[in-house]
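What follows is a short report on a single structure.
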Amino acid sequence: MAIQRINTNQRLSQVVVHGGLIYISGQVAIQNRGKSIADQTTEILGAIEKYLAETGSDKNHMLSATVWLSDMASYDEFNKVWDAWVPQGQAPSRACVEARLVFPDFNVEVAVIAAVKE
1 MAIQRINTNQ RLSQVVVHGG LIYISGQVAI QNRGKSIADQ TTEILGAIEK
51 YLAETGSDKN HMLSATVWLS DMASYDEFNK VWDAWVPQGQ APSRACVEAR
101 LVFPDFNVEV AVIAAVKE
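UniProt numbering puts the sequence shown at residues 1 to 118.
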């Protein structure tokens, strides 16, 4: 079974598709870097949705999400955007932890695993 890699460089692939699963690397807000958690989260979820569509899937097929927040005080603000974005009754399993991200003006990062639509 072939492995499909999308937006690949020497260090990582933004997306890998294999065995009916889609692995989306941790996404950060490039355009909204340094802005509010809500702005950064909106950009990140838009990128995830784009990658899901590009690989034959959608938000209804997310299996797992890992969320890193630079400060857990942002948890409620993140969840407000997340809850509005995830389809009702289709929430993936999820872990959310506090972590120091690669640059101080990145305040949230999200990685997703999803199933390819059949």
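Glycine residues also receive a C-beta, built at the ideal position from the N, C-alpha and C atoms.
All of these numbers come straight from a predicted model, not from anything done at the bench.
Each of 47, 56 and 100 was checked against the Cα of residue 14, and the nearest Cα belongs to 47. Annotation for residue 27: the continuous beta strand (DSSP E) segment containing it runs 21-27. For residue 7, the enclosing beta strand (DSSP E) covers residues 4-8. Here residue 113 carries a strand assignment [DSSP, helix/strand/coil]. The three-state reading of DSSP puts residue 72 in helix, counting H, G and I together. Considering only 45, 32 and 117, the residue with the shortest C-alpha distance to residue 24 is 45. Distance from the CA atom of residue 60 to the CA atom of residue 72, rounded to whole angstroms, is 27 Å.
Comparing alpha carbon positions, the residue from 2, 70 and 8 closest to residue 19 is 2.
The alpha-carbon separation between residue 63 and residue 27 amounts to approximately 16 Å.
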